[in-house]
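S.K.: What follows is a structure written as structure tokens; I'll ask about it next.
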Amino acid sequence: MKSTISLTITTLFFGMTLFAHHSIVGTYDYNKHVTLDGKIVQVSLRNPHSFVQVEVADANGVVQRWSMEWGSAAVLVNQGVDRNSFKIGDHVQVSGNPARSGDTRARLETIRRPSDGLSWGGKPGQTVD
């Protein structure tokens with residue numbers, strides 16, 4: 141009986157932790173889409189999620205910094221993206237699902253560097269989970 145209660149509590153705890161970590165649907169609005177054109181100011185390839193920070197001028201010319209949440213470094217490397225793929229200063233076009241909170245952040249769906257056409261996203265298997 142004691143071990144059954146312990147097992148139940150442990151299962152609930154880890155289940156909630158896993159759900160909390162993977163609440164991307166709760167963080168980003170999958171019904172909305174943003175497309176941005178800007179300059180990379182930071183790239184953080186890491187596990188469990190990578191980020192690309194992009195500076196974008198809004199309609200009034202005011203520069204905003206957008207944080208684009210990407211996949212894990214391990215997954216990205218398997219998809220051909222490494223620390224040298226996208227660099228600080230690169231002009232890029234990014235698209236994704238914006239934050240529900242209204243913050244300048246989004247779940248990255250695609251990233252493209254117009255200067256040479258290098259891109260990620262929009263292909264089978266290239267998604268942020």
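This note's numbering applies: residue 141 is where the sequence shown begins, and numbers increase by one. Cβ coordinates follow ideal geometry from the N, Cα and C atoms, glycine included.
#1: Return the CA-CA distance between Gly166 and Thr250, expressed in angstroms with no decimal places.
#2: Per DSSP, what kind of secondary structure is Thr175 in: helix, strand or coil?
#3: Kindly list the residues whose CB is nearer than 7 Å to the CB of Gly279, restricted to its own chain and excluding five residues on each side of it in sequence; keep chain order.
#4: Given a cut-off of 7 Å, decide if Gln233 and Asp266 are closer than it, judged by their beta-carbon atoms.
#5: So, at 6 Å on beta carbons, what are the nonlocal neighbours of Arg252 in its own chain, with the 5 sequence-adjacent residues on each side left out?
#6: Would you please state the rounded distance, in angstroms, between the beta carbons of Leu216 and Leu176? I believe it to be under 8 Å.
#7: Determine the direct distance from the alpha carbon of Asn200 to that of His231, and round the result to whole angstroms.
#8: Look up His189 in the DSSP assignment and give the residues it is bridged to.
#9: Evaluate Ser241 with the Cβ neighbour count: other Cβ atoms within 10 Å of its Cβ, from every protein chain shown; 16 or more gives buried, anything less gives exposed.
M.R.: In this structure, then:
#1: 20 Å
#2: strand
#3: Outside the displayed span of the chain (141 to 269) sits residue 279, for which this structure offers no information.
#4: Inspection of the sequence shows that residue 266 is occupied by Gln rather than by Asp. Going by C-beta atoms, Gln266 is not nearer than 7 Å to Gln233.
#5: Gln233 and Ser259
#6: Going by Cβ atoms, the distance from Leu216 to Leu176 rounds to 20 Å, so no, they are not a contact pair.
#7: 20 Å
#8: For His189, which the question treats as bridged, DSSP gives no partner whatsoever.
#9: exposed
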